[in-house]
Each structure stands twice: as structure tokens, then as C-alpha cells.
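Q:
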Amino acid sequence: MRILVVEDEVNLGEALKRGLYAEGFAVDVARNGLDGLQMARENPYDLMVLDIMLPGMNGFKLTETIRSEDIWCPILMLTAKDGELDEAEALDTGADDFLKKPFSFTVLLARIRALLRRGGESRPSVLATGDLTLDPASHTVRRGETRVDLTSREFSFLELLMRNKGRVLTKREIIEHVWDYDFEGDSNIVEVYIGYLRKKIDAPFQKKAIRTVRGVGYLLEADGGEGDPEAVAD
0 MRILVVEDEV NLGEALKRGL YAEGFAVDVA RNGLDGLQMA RENPYDLMVL DIMLPGMNGF
60 KLTETIRSED IWCPILMLTA KDGELDEAEA LDTGADDFLK KPFSFTVLLA RIRALLRRGG
120 ESRPSVLATG DLTLDPASHT VRRGETRVDL TSREFSFLEL LMRNKGRVLT KREIIEHVWD
180 YDFEGDSNIV EVYIGYLRKK IDAPFQKKAI RTVRGVGYLL EADGGEGDPE AVAD
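In terms of numbering that gives the first Met the number 0, the sequence shown is residues 0 to 233.
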């Protein structure tokens, strides 16, 4: 899942990026409201974390603007101010939640996961594909009644596949959502993680949910691999 952090405090912005990356999120950071607006217009973020006091355009105006442009990803607003009026304005301009500084990273992470779980009106709280289920809130994956343990990055990768089940995702799309737009490592990292996932969610259960579309990318079968057991997954 990809998150945009708009925070002008350099140290805080970098700390949030490191912490969220360690939890399996891909993170972009903007230092002012105008850059944040441009990035929100150009990229399909899964969630945004915005400070209120931003140079160029404050968090209230930024939220109001992107909502007016039909950008509906969840927004968590950060504020150093104290008072009900700021909280009310944050919600009234289109934010989904707010958090006062200073805050615990554990609480921030819990708020983010809650917002991702809630998402848009049509987004289910638990993702299901055949007997494969993924719960963003509890960070758990199951095949039927069997729990499957995944690393943070594997979990993020599988969540992306499940939210796009039946649709082919290119390697570039996967890298941009699971790692970073400026990822400079070997693109074969995608194949490596596809292998990890197959060994955990497919092979032990005699399923072939993850399919390689040669020359294009990868998709998660809409039935979770419940179809023809002899089908070739590549």
C-alpha cells in the first residue's frame, strides 16, 4: 500500500517514512502543501498523512482541494494545535481522522490501519479470494482455517494483489505500490517475492492463485486458485 506524507518538519517526515516503510508501506514525502497537491493529483495513493501547518497551502485547504477534485483516499491529519475548532475543521474539510502532536508511532500506525480497513464505502474490511482471506486490521492471512505467516513486505504485496484480483499488475505498478517510485534495486525483486508468496499461500494448499502473464506481469486469480488444479501458473 502506498502512502503520501505531507510534513514540513524534515526529521519527522523522514522518521515517518522509515517507520512506515519498515511496516511494509511504500511512502512518498512532500515538504509543502503545493507539492503535496501535485503528487496527490498525479499518483493513486491508498492514504495520505497531512500536517495542518504547511507552507504554500495548509492542510485544511489541501484536503478541501483534493476532495473537490474527487480524490477520495483516506486522510489522516496531524496537528500541533490544541482545540476542538481545529479538529472540527479537519473533519469538515474532508479529513477522515486526526492526531495531535506529539504522538506515538504505534497509535499512528493503528489509525492508519483502521482507515485503510474502512477505506471507501465499497471497500470490504476483510479481503477474500476463494478461501484466501486477508485482514488489514489484524494483519493476518488465512487459507481456509489455516493461518499463513507473512513478512510485512509480503503482506503488502499480497494485499495489493487481492485488491486488484483478476487484473494483471505490471512489475512497475507492483514496485511503485509495494516499494518506492525511486526504487533503484534489481527489478527481479518482484519475481523473488512472487516466489515467496507462492511457497506460503499456494504450494502447501495445492493451489495456484498467483499467475504469471508472460511479458506483462502478474495477477491473482479471482477464485483464489480454486479452479482447475492442473492449470499452469508459471
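Glycine included, every Cβ here is placed at the ideal spot set by N, Cα and C.
If you count every other CB in all the chains shown that lies within 10 Å of the CB of S155, and 16 or more means buried, which is it?
A: Residue mapping note: residue 155 aligns to position 156 of the sequence shown, counting from 1. That one is buried.
Q: Using only alpha-carbon positions, find the residue among R152, P135 and T169 that is nearest to Y217.
A: In the sequence shown, counting from the first residue as 1, residue 217 sits at position 218. Nearest C-alpha to Y217: T169.
Q: Where does L97 sit, in a helix, a strand or coil, going by DSSP?
A: Sequence index remark: in the sequence shown, residue 97 carries index 98 (1-based). In the sequence as presented, Leu is not what sits at residue 97; that position holds Phe. Three-state DSSP puts F97 in a strand.
Q: Is it true that the CB of A29 sits closer than 8 Å to the CB of G23?
A: What you label residue 23 is simply residue 24 of the sequence shown in a count that begins at 1. What you label residue 29 is simply residue 30 of the sequence shown in a count that begins at 1. Cβ distance not < 8 Å, so G23 and A29 don't count as in contact.
Q: When the Cβ atoms of the stretch 69–77 are set against those of the stretch 88–97, are three or more pairs found closer than 8 Å?
A: Between the stretch 69–77 and the stretch 88–97, the count of Cβ pairs shorter than 8 Å is three or higher; the stretches touch.
Q: Check M0 in the structure and name its three-state DSSP category.
A: Taking the first residue of the sequence shown as 1, we reach residue 0 at position 1. In this structure, M0 counts as coil in the three-state DSSP scheme.
Q: Taking the alpha-carbon positions, what's the M56 to D134 distance?
A: Against the sequence shown, residue 56 aligns to sequence position 57. Against the sequence shown, residue 134 aligns to sequence position 135. The straight-line gap from Cα to Cα measures roughly 36 Å.
Q: Select from D91, D50 and D69 the residue whose C-alpha is nearest the C-alpha of E41.
A: By one-based count along the sequence shown, residue 41 stands at place 42. Minimum Cα distance to E41 is reached at D69.
Q: Measuring only the C-alpha atoms, how far is E120 from R66?
A: What you label residue 120 is simply residue 121 of the sequence shown in a count that begins at 1. What you label residue 66 is simply residue 67 of the sequence shown in a count that begins at 1. Reliability of the predicted coordinates at E120 is poor, the pLDDT of 42 falling under 50, and no value is obtained from them.
Q: Using the C-alpha atoms, what's the distance from D7 back to D148?
A: Taking the sequence shown and counting its residues from 1, the one referred to as residue 148 is at position 149. Taking the sequence shown and counting its residues from 1, the one referred to as residue 7 is at position 8. Approximately 37 Å between the Cα atoms of the pair.
Q: Going residue by residue through the stretch 131–155, where are the continuous beta strand (DSSP E) segments of at least 3 residues, counting only ones entirely within it?
A: List check, beta strand (DSSP E) in window: 131–134, 139–142 and 145–147.
Q: Per DSSP, A25 is paired with what?
A: For the purposes of this step, residue 25 is taken as residue 26 along the sequence shown, with counting starting at 1. DSSP output for A25 lists R1 as bridge partner(s).
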